[in-house]
Every structure is written in structure tokens, then in C-alpha cells.
Amino acid sequence: MFQEGIKCDSKTRYVISATLTTMFLLYDAGRISPRVTICSIPDEVLLDIFEFCLSDHSGRWFKLVHVCQRWRCIVFASPLRLDLRIPCTQHTPVRKMLSVWPPLLIEIDFYSVGPQVEDNIIAALKHPKRVRSVLLSRIMIPLVRLVAVMQKPFPELESLSLQIQWQKQLLSMAVPTLPKTFLGGSAPRLRSLHLERISYPTLPRLLLSSKDLVNLSLGWIPHSGYISPEIMATCLIALTRLTSLSIGFESSTSHSRTQHPPPLTRAVLPALTNFYFRGVSEYLEDLMAQIDAPLLHRVEISLFHQRALSFGIQQVPRFIGHEPALMPFYKAFINIYANYVRMTFSSRTRSSINEILTFEISCGGVLDSQVSSVAQICSRLSFILSSIEELSIDDRESVWQVGRVDDPQWLELFPPFTAVRSLYLSHMIHPHVVSALRGLSAETATEVLPALDNLYLEQPCWEFGSKQQDIKPFIIARQHSDHPVSVHRWARGMLE
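Under the numbering used here, the residues of the sequence shown are numbered 333 to 828, in order.
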């Protein structure tokens with residue numbers, strides 16, 4: 333039965349072991365006799381066994397077809413059921429594999445694309461009717477030759493990812509641009525599309541033909557690849573199966589300053605659950621004003637620094653505020669880094685805390701701008717932050733060398749957090765917040781964080797006593813107004 337000279341390595345042993353395991357399962361189910369051996373198993377039962385073996389690793393079919401001629405025939409007779417594919421990767425002899433094996437579907441996956449592998453990729457792309465996926469990461473060569481062989485339709489293509497590796501040379505090179513004839517202008521079976529640092533002016537045409545698209549990611553969009561929010565929303569209408577949408581621009585200049593009135597109707601994305609945006613708030617506003625996502629449960633927004641420090645995010649509460657899956661928020665984390673601020677708002681379920689909304693703001697490393705930006709964002713989100721019960725403010729890097737914030741300015745962060753019961757302050761931040769709190773009068777002490785019950789300060793145990801004395805005027809003021817607050821010591825990381 334078995335071919336001579338075949339080495340029984342670990343993968344082959346796995347296949348045979350899985351076969352025997354499946355035989356026992358089939359015996360328990362009454363599908364085969366206890367006297368049946370591997371040689372006498374019917375072809376249809378062997379096919380069931382092979383399907384089981386390949387369910388979590390389709391690449392094992394190479395080992396199956398090397399066991400014996402019969403197994404080879406069974407495997408190659410059912411390429412669709414067994415989901416057979418020829419992987420073309422960094423370490424496979426592409427030309428040899430394509431000439432030896434039957435005309436199966438091809439998966440192209442190169443994690444680093446340089447001159448030494450370009451010919452192998454082109455050899456695989458010259459079979460457009462068989463290519464199922466093209467995943468090219470860290471592309472460090474011009475796209476001219478690769479794009480030239482991708483002008484024909486790829487009718488089986490389900491996944492496409494082209495990611496240009498950032499290099500200093502890119503500053504003096506022309507931005508890679510995909511022509512309107514790319515993929516023949518359509519990709520009807522495409523389910524996942526990821527483009528990074530690539531201009532594709534006719535992308536809307538491709539999207540309108542890809543109605544089965546599930547994941548769409550456009551990262552580091554160059555200025556020459558700008559697509560208006562109106563056109564983007566029009567394309568999204570057709571993507572009723574889209575679950576993940578990511579749009580990120582290379583710089584703040586990638587935006588038209590033309591203002592448009594709100595649309596009378598919005599595009600509904602019935603399957604969208606994850607949304608990511610990186611750019612200026614004007615584009616975000618225009619886009620959010622034109623779409624609805626009833627199943628949305630995770631939103632990440634990264635905004636470029638704006639000199640006017642005026643973030644137009646009026647559409648964000650509307651975009652997420654009416655979704656039951658996103659409300660109510662329970663925890664808020666404000667993490668201050670050297671050049672940006674990251675705010676995370678989470679909801680609570682019976683078993684866990686789920687991150688739902690994340691804001692990241694580039695602030696140019698100036699501390700007063702960071703605090704002011706956070707205050708603006710929180711003020712505009714006050715409607716959806718009023719349910720938060722735990723608030724943490726943490727410094728993640730040395731942010732205190734550039735700029736200065738007057739202690740009372742920290743209090744501008746707190747008005748939206750009317751339900752916060754526990755406030756956590758990091759070692760570098762709590763002296764400034766404590767200084768601002770102790771300066772409050774008896775009348776105003778309860779106006780800041782009116783529901784506060786517990787104040788947690790990150791502090792070594794031998795210094796904690798002196799910090800309790802610093803906050804004592806605020807504690808006394810709260811006690812006199814029948815809103816007492818307890819002070820506790822906490823360690824970094826206990827909330828993460």
C-alpha cells in the first residue's frame with residue numbers, strides 16, 4: 333500500500349494518528365466494522381478522515397498525497413471539499429511547485445518583498461484564474477512589474493493585501509499608484525482588501541463590484557489617493573456584508589476643506605462591527621454623518637494635531653450613542669504619552685470589561701495642549717460619558733519636560749464624569765490634581781466629581797501618609813457636605 337522510501341516524519345505520523353482516531357470515532361458511531369483496517373476503508377470514509385485532518389491546516393495535503401497512490405487519487409479528486417491550495421511563500425520553490433502539482437488554487441503570501449523574490453511572485457501572478465489570495469507585506473521595491481501582471485481579471489481572488497514598507501527613499505519616490513485597469517477593474521469574489529501607502533484613485537469602482545467584501549482597510553492613504561467622504565459613503569452602501577472598516581490617512585493635508593451639508597439619508601452598514609479612523613476630525617465628521625452601523629461594538633479614532641485645538645466630533649455621539657451594544661460605558665482610561673494622548677472607554681458585562689471606544693490625539697508633545705485636547709474631547713462626548721463609574725489618569729512616558737499645565741486646568745477634565753465613583757491617579761499626575769482639588773471651596777468641592785467615593789493615588793507606602801495630608805482639605809470639605817471620599821494607595825498596572 334505505502335510507497336517505498338517515504339519517511340514517516342512527525343506530520344505523517346500525525347496524519348496516520350488522526351486517521352486511526354477518526355476510525356475509532358466512526359466505529360463508535362456505528363459507521364464501520366471493528367475489523368476494518370486502513371487498507372479496507374471505503375474511499376468516501378477516507379475522504380471524511382482527510383477532511384478532518386485538513387480542517388485546521390490545509391497545507392497537510394502534501395503529506396497525504398505522498399502516502400500512497402490511492403490516497404493521492406482521493407485527495408486530488410476532491411479539491412474543493414478539501415480546500416486544496418498551493419502556497420507560494422518566501423521559502424517555497426514557486427515555479428517548480430506550479431509545474432508539478434495539478435492546477436489548484438494559489439495562495440501568494442510574502443512577508444518581505446524585495447528584488448530577490450519579485451520573480452517568484454510574478455510567476456504565481458501569471459495564473460490569474462487560479463489566484464485566491466495575494467498577501468504582500470513590507471514591499472520594498474517599485475510596484476511597476478507586479479502591477480503590470482495584475483491588469484487582467486482575477487475571478488477567484490478573495491483576499492488582497494499590498495503594504496508598502498516605509499523607507500526614507502519613499503520621500504523622493506513617486507507614490508505607488510494602481511491604475512483603473514488593476515484586476516481588470518473588478519473583483520467580484522473579493523472578501524478582504526488591505527492597501528497601505530498606495531494611491532488608488534479608481535478604488536470606488538472596484539468596491540462597487542466587490543459586494544461580498546467583509547474587511548476593508550486603507551492605511552496611510554497618500555494625498556494623491558484622497559477619496560472624499562461623500563464618494564466613500566456611496567461605495568460603502570453596496571457593502572452590506574462589511575464587518576470591519578479601517579481608514580487612515582498619511583497626513584493632515586489629505587483632506588478637502590470643502591464643507592457639505594448633512595445628507596437627507598444615510599448609508600446603512602448592517603454587518604459592520606469594527607470601525608477605525610486616522611485623520612482629521614473634519615473628514616471623520618463628514619463620513620460619520622453619512623453612515624449608520626446598527627451592530628457596531630468597537631470604534632478606534634486617531635486624530636491629527638490641529639493648531640486651533642478644535643475637534644469637530646459632534647457626529648461621534650450620534651454614531652455610537654444609539655447602539656445598545658455600546659452603552660453604557662463603565663470605565664475610562666486617559667493615558668498621557670510624550671507626543672499623544674490615548675483615551676479608552678469600556679463597557680461592563682457580567683464576565684468582563686470590553687474596550688469599546690478609543691480616542692488617540694496627536695498633541696505635539698506639549699502638555700497643556702494634551703490636557704486641553706482631552707478636555708475638549710470629553711466635553712463633546714459628555715452625553716455618552718455620564719455613566720462612567722471608574723476613571724484612571726496615567727502618564728506612560730516622561731511627558732513633563734515640554735510645556736506646563738496650571739494645576740486648576742486639570743479640573744477641566746472632570747465635568748462630563750458626573751457618575752465617577754472611583755478616581756485613579758498615577759504617581760506623576762496626582763500631585764497636580766490633588767493640588768487643584770485641595771484649592772476648591774466647601775461649596776465647589778461637591779461640584780467636581782459629585783459621585784466620587786474613592787480616590788486612589790499611586791505612591792510608595794513610605795510616602796503615602798504625607799500625600800494623605802495634602803488632600804486633607806478636599807476630604808474635609810466633602811465630609812462637611814455629606815459626600816465623603818476615602819483615599820487609598822494603589823500600584824501601577826492593577827487596572828490593566
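Where a beta carbon is used, it is the ideal one built from N, C-alpha and C, also for glycine.
Everything numeric in this text was worked out from a predicted model, so none of it was measured.
Can you tell me where the alpha helix (DSSP H) with residue i in it begins and where it stops?
i	result
W403	401-408
S302	No answer is possible for residue 302: it lies beyond the span of the chain, which begins at 333 and ends at 828.
W393	393-397
N452	447-457
F764	Per the sequence shown, residue 764 should be read as His rather than Phe. Its alpha helix (DSSP H) spans residues 762-770.
R810	804-812
C567	561-568
L494	No alpha helix (DSSP H) holds L494; the beta strand (DSSP E) holding it covers 491-496.
Could you tell me how far apart the beta carbons of residue i and residue j are, in whole angstroms, since I believe they sit closer than 8 Å?
i	j	result
F749	I716	The Cβ separation is near 12 Å, so there is no contact.
L601	I579	Not a contact, Cβ separation roughly 13 Å.
S694	I688	Contact doesn't hold; Cβ gap of about 22 Å is too wide.
F514	Q483	7 Å
S718	A751	6 Å
I406	F382	7 Å
Which residue from the options puts its Cα closest to that of residue i?
i	options	result
G557	M564, Y532, I633, L571	Y532
H820	L787, A809, S813	L787
H764	T778, L755, Q741, A751	Q741
I834	L635, L627, W403	Because the chain in this structure spans residues 333 to 828, residue 834 falls outside the shown range and cannot be described.
Y443	T424, R529, R470, K428	R470
F314	S701, L601, P447	There is no way to answer for residue 314, as the model of the chain reaches only from 333 to 828.
L414	I688, L510, R404	R404
I668	S465, Q646, V698	V698
L713	L571, R650, D451	R650
S431	N452, L489, M620	N452
M760	R810, I553, V466, D727	D727
H629	F665, L619, T605, E450	T605
A603	S758, K395, T534, A625	A625
S387	L416, K663, Y672, A409	L416
Could you check the C-alpha separation between residue i and residue j for me, to the nearest Å?
i	j	result
R537	L475	21 Å
F691	S613	11 Å
F486	S704	50 Å
V397	C371	15 Å
G771	Y756	19 Å
M564	N686	29 Å
R753	M675	18 Å
L540	T566	9 Å
K428	I454	14 Å
L378	I438	25 Å
K804	V766	10 Å
I559	T585	13 Å
F746	Q801	23 Å
A519	F661	40 Å
A707	R477	50 Å
V780	W552	40 Å
P554	V507	7 Å
L568	L548	10 Å
C385	F394	12 Å
L789	I645	32 Å
M620	W433	49 Å
A823	S758	9 Å
L784	D739	19 Å
If I measure Cβ to Cβ from residue i and keep anything under 7 Å in the same chain, skipping five residues before and after, which residues do I get?
i	result
P435	R462
E632	Y608, T690
I807	V817, V819
P411	L436
V481	I454, L457, K458
Q733	Low per-residue confidence applies at Q733: pLDDT is 46, beneath 50, and the placement is therefore not dependable, though the value from the model is reported in the following sentence. Nothing listed; no residue qualifies.
A640	Note on A640: pLDDT 48, under 50, position unreliable in the model; the coordinate value appears next. So the list is empty, once near-sequence residues are dropped.
R610	G580, F581, S634
I473	V445, G446, P447, E450
I'd like the span of the beta strand (DSSP E) that includes residue i, first residue to last.
i	result
C385	Premise fails: C385 lies in the alpha helix (DSSP H), 375-386, not in any beta strand (DSSP E).
Y662	661-668
P536	P536 -> not in any beta strand (DSSP E); alpha helix (DSSP H) instead, spanning 535-541.
Y672	672-680
R630	630-635
S431	That residue, S431, is in no beta strand (DSSP E); its alpha helix (DSSP H) goes 426-432.
V507	First-last for V507: undefined, no H or E at that position.
Which residues in the same chain as residue i place their Cβ atom closer than 8 Å to its Cβ, once the five residues preceding and following it in sequence are excluded?
i	result
S813	A774, A777, T778
L545	L522, R523, S524, L525, L539, L571, R573, L574
E582	R529, W552, I553, P554, H555
In its own chain, which residues sit with a C-beta less than 6 Å from the C-beta of residue i, not counting the 5 before and 5 after it?
i	result
A456	C420, V426, I438, I440
P656	Because the pLDDT at P656 is just 48, under 50, the model does not fix this residue reliably, and the value given afterwards should be weighed accordingly. Nothing meets the Cβ criterion.
R529	I496, W552
R570	Position check: residue 570 holds Ala in this sequence, whereas Arg was assumed. Once the five neighbours on either side are set aside, the close Cβ partners of A570 are L540, K543.
E722	K663, S754
H815	T778
Does the beta carbon of residue i fall short of 7 Å from some heavy atom of the ligand MN?
i	result
P748	Among the ligands in the structure shown, none appear at all, so the ligand MN cannot be discussed.
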